[in-house]
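Quick note on our numbering: the sequence shown kicks off at 124 and runs consecutively.
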Amino acid sequence: MRKPKSRQQVAQLRDKAIGLHRRGDLRGAQAAYVKYLKRAPHDGEVLGYLAITRFEQGYPSAALDLMQRAVNSTPNDAGLKFNYATMLYKLQRFNEAEPILKDCLQRDPELDVAAMTLGLVLLETGRLAEAIDHFTSAAKRWPKHASMLFNLAIAFRRDYQFENAELAFQRACALAPTDIEFRLQFAKQLYRNKKFPAAIEQYSSILKHQPENVAARSGLMLARLRICDWTNYQTESEMLLAALDHPPPESRSQTNNGAPSPYLITLISGDASACFKAARAASQTLTSTTVPRTTSARRANTGKIRLAYVSADFREHATAYLISELIELHDREKFEVVGISYGPIEKTPMRQRMETAFDKFVDVSNLSSPQIAHAMKQLELDIAIDLQGFNQHNRMEIFAKRPAPIQVLYLGWPGTSGSACYDYVLADPIVIPRENAHNFAENPIWLPGPYQPNDRNRKVSELPPTRAECGLPDNAFVFSCFNNAFKITPEIFDVWMRILKAVPNSILWLLDSTAEGRENLREAAVLRGVEPERIVFAPRASNPDHLARHAHIDLVLDTLPYNAHTTASDALWMGIPILTCTGSSFAGRVATSLLTACQLPELITADIAAYKNTAVQLAHNPSALRTLKSKLQSSRHTSALFDTPRTVQHVEHAYAAIISRHANGEPPSPLDLSSLN
Numbered sequence: 124m125r126k127p128k129s130r131q132q133v134a135q136l137r138d139k140a141i142g143l144h145r146r147g148d149l150r151g152a153q154a155a156y157v158k159y160l161k162r163a164p165h166d167g168e169v170l171g172y173l174a175i176t177r178f179e180q181g182y183p184s185a186a187l188d189l190m191q192r193a194v195n196s197t198p199n200d201a202g203l204k205f206n207y208a209t210m211l212y213k214l215q216r217f218n219e220a221e222p223i224l225k226d227c228l229q230r231d232p233e234l235d236v237a238a239m240t241l242g243l244v245l246l247e248t249g250r251l252a253e254a255i256d257h258f259t260s261a262a263k264r265w266p267k268h269a270s271m272l273f274n275l276a277i278a279f280r281r282d283y284q285f286e287n288a289e290l291a292f293q294r295a296c297a298l299a300p301t302d303i304e305f306r307l308q309f310a311k312q313l314y315r316n317k318k319f320p321a322a323i324e325q326y327s328s329i330l331k332h333q334p335e336n337v338a339a340r341s342g343l344m345l346a347r348l349r350i351c352d353w354t355n356y357q358t359e360s361e362m363l364l365a366a367l368d369h370p371p372p373e374s375r376s377q378t379n380n381g382a383p384s385p386y387l388i389t390l391i392s393g394d395a396s397a398c399f400k401a402a403r404a405a406s407q408t409l410t411s412t413t414v415p416r417t418t419s420a421r422r423a424n425t426g427k428i429r430l431a432y433v434s435a436d437f438r439e440h441a442t443a444y445l446i447s448e449l450i451e452l453h454d455r456e457k458f459e460v461v462g463i464s465y466g467p468i469e470k471t472p473m474r475q476r477m478e479t480a481f482d483k484f485v486d487v488s489n490l491s492s493p494q495i496a497h498a499m500k501q502l503e504l505d506i507a508i509d510l511q512g513f514n515q516h517n518r519m520e521i522f523a524k525r526p527a528p529i530q531v532l533y534l535g536w537p538g539t540s541g542s543a544c545y546d547y548v549l550a551d552p553i554v555i556p557r558e559n560a561h562n563f564a565e566n567p568i569w570l571p572g573p574y575q576p577n578d579r580n581r582k583v584s585e586l587p588p589t590r591a592e593c594g595l596p597d598n599a600f601v602f603s604c605f606n607n608a609f610k611i612t613p614e615i616f617d618v619w620m621r622i623l624k625a626v627p628n629s630i631l632w633l634l635d636s637t638a639e640g641r642e643n644l645r646e647a648a649v650l651r652g653v654e655p656e657r658i659v660f661a662p663r664a665s666n667p668d669h670l671a672r673h674a675h676i677d678l679v680l681d682t683l684p685y686n687a688h689t690t691a692s693d694a695l696w697m698g699i700p701i702l703t704c705t706g707s708s709f710a711g712r713v714a715t716s717l718l719t720a721c722q723l724p725e726l727i728t729a730d731i732a733a734y735k736n737t738a739v740q741l742a743h744n745p746s747a748l749r750t751l752k753s754k755l756q757s758s759r760h761t762s763a764l765f766d767t768p769r770t771v772q773h774v775e776h777a778y779a780a781i782i783s784r785h786a787n788g789e790p791p792s793p794l795d796l797s798s799l800n
């Protein structure tokens, strides 16, 4: 018969188990904990350690049972209760975690980790105001707790309180200056707040300590593009493109998985395969736990197809300008149309118009992404359409939860998501040539006309500003580009300056960006032998006023590799020709699609040399330019680009076709509707 172990031997067994656990030997720790607990079955602390071991091994149910036993054996131990609540939090069982965390704080008001986790629970359950109040109070209680301030900043950001978010990030970074994740998020917030020089400074500082940090290098280049700062443009571009194939593991973070921003790659590269690689890498972080597609039949007893358009931009934004009439014209006999809005709430005419355009408009801006996905599932949708993609405020993770049986990417993002959570992408044969389909994670639906819808009801101010009010010389030929400044690359600017030199009495009219951007562009003009006063900047204006001032433009010059999109259709609607050069990626082929729809192939060029020569020829041939303008103005109401009812029919035909496939149990596959009338 074996003799019972001494207290010293039992204590040694306990210490051995804890040591194995600390060294990461989970299997050894589990065995040692079990052996120890046979001698001391009521040791709540060790029961808790065993629970944590089982949780870390991937057995949450067993872990929760063990942790419940631990809590029952030591009911006054706030630390054990906190660990129990943490497990529930990680399993997204927030409603169960919350009362336990509150109980922890009642027992031990100094338990800062419990206070922080409770704030995170409030965030995850969409109670932004409560989360902000909670983190604000906690930050006062623990003024040197950097993580508390960081999470307060995240709460402010989620509530679109960007200035407050910036201040909280700044305070967190001051307390933890070596925390790279804190500094990345601070730099990102500075960028969002349009404080681009400050963002550049932050990203540059990070790169001094971590030269291989792709998130910082990507953010730095985006911030520089915003002010047309092309410092080391070629070298930086090559490094970021190389990172698509060889992401450095040390730069991996929760923000970008060690890969460049897909938005940045779309701006600097016309290579469709590079855009796909960037999107795929980014989506692995955003949609890492994608719910598999099901083949379940449609909800029963309904004759209408229920659509949900999901966006942060149902407001004064390019997406709303384009899609508003399409939403209004959907056939309500066949479709029920829901708007899911998670963006900033604005009291503007466009916001009001979008709210009334849908049969049901649901504002979910205060909800977390899992809550939004759950709310969408409750609506029993047939198709969910993501209008955001990788654009600002995106919530791609909503679609990873599969809130609808069929999910479509459309309009807002000019490219692929790189993710399996979308079944289709709405396009046309120009923006996605068939030979390019392999660079899309989604199945293309090729519409017969332009993929881009337009609003024929857009308002134009009746009294356009005079040339003098716009700062334009009386007799100069006006080249223009109202694209955002970040689309201007040094290569396209070189071409523009060669055009200006070839057309002496001409100016280039650009959309104003920042004081730094104006200065950088004028300096770049001087370096290329062009007088800086030949670059004129148009201030931001309301959309009606902005459209009205197009009357003073002679020819719009497009950008490459990222074309004009909404700005191209603005110009064409106002009867102003736009000259483009067809790229390889979706983003670089949009203007070609729009001009084709307007039957203006003479404004589509195949390379930069032809682009430059055509611009100069048109500037020297007023008669040809007048013919183009006359053609545009006379066909405005008949061209495919502005035949919105026909575009709506094409889109509806696509929705009906993919619903039919789904009802028949067929998996998603490419759909060619280009031969439809």
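The beta carbon of each residue, even a glycine, is placed where N, CA and C say it ideally should be. Given the structure is predicted, the values throughout are model-derived calculations rather than measurements.
- The Cβ neighbour count for V337, taken over all protein chains shown within 10 Å, is at least 16; the residue is labelled buried.
- Secondary structure of D795 (DSSP, three-state): strand.
- Three or more Cβ pairs closer than 8 Å define a contact, and the stretch 730–739 meets that threshold against the stretch 700–716.
- Note that the C-beta distance between L490 and A498 is below 9 Å.
- Ranked by how close their Cα comes to the Cα of A729, the residues P573, A742, S707 have S707 in first place.
- F399 sits close to G541, with the two beta carbons spaced by under 9 Å.
- Three or more beta-carbon pairs separated by less than 8 Å are not found between the stretch 461–472 and the stretch 381–399, which leaves the two stretches without contact.
- Ranked by Cα distance from A321, the options L345, E304, H332, T301 are led by L345.
- Here G202 is not near D235, since their CB atoms are 9 Å or more apart.
- By the Cβ-count criterion, E565 is buried, with 16 or more other Cβ atoms from all chains shown falling within 10 Å of its own Cβ.
- With distances taken between CA atoms, A238 lies nearest to L275 out of Q215, L275, G249, R216.
- In the assembly as shown, V433 is a buried residue. Its beta-carbon has 16 or more other beta-carbons within 10 Å.
- Secondary structure of T737 (DSSP, three-state): helix.
- Closest in C-alpha terms to D795, from the list V774, N787, A786, P667, comes V774.
- Only residues of its own chain outside the window of five on either side were considered, and among them P183 have a CB closer than 7 Å to the CB of L214, listed in chain order.
- The bridge partners DSSP lists for E656 come to none.
- Per DSSP, reduced to three states, the secondary structure at E456 is coil, with no helix or strand assignment.
- Taking P567 as the centre and dropping the five residues before and after it, the same chain places the C-beta of V548, A550, I555, A560, P793 closer than 7 Å to its C-beta, in chain order.
- Distances from the CA of I323 to each of A720, K311, P164, S783 were compared; the closest alpha carbon is that of K311.
- In this structure, Y685 places its C-beta atom within 9 Å of the C-beta atom of P537.
- Contact between I508 and L430 holds, with the beta-carbon distance rounding to 7 Å and staying under 8 Å.
- For T728, the beta-bridge partners assigned by DSSP are C704.
- A buried status is given to R403, since no fewer than 16 other beta-carbon atoms sit within 10 Å of its beta-carbon.
- In the displayed model, A599 falls within coil according to three-state DSSP, outside both helix and strand.
- Note on geometry: alpha-carbon atoms of H257 and M271 lie some 10 Å from one another.
- Straight through space, the alpha carbons of D188 and G167 are spaced by roughly 13 Å.
- Of A269, L363, T240, the smallest CA-CA separation from A339 is found for L363.
- Between E592 and L409, the alpha-carbon positions lie close to 46 Å from each other.
- By the criterion of at least three beta-carbon pairs nearer than 8 Å, the stretch 673–682 is not in contact with the stretch 635–655.
- By the neighbour-count criterion, in which 16 or more other beta carbons inside 10 Å mark a residue as buried, T761 falls on the exposed side.
- Runs of alpha helix (DSSP H) with 4 or more residues, each lying fully within the stretch 607–667, are found at 613–625, 638–650, listed in chain order.
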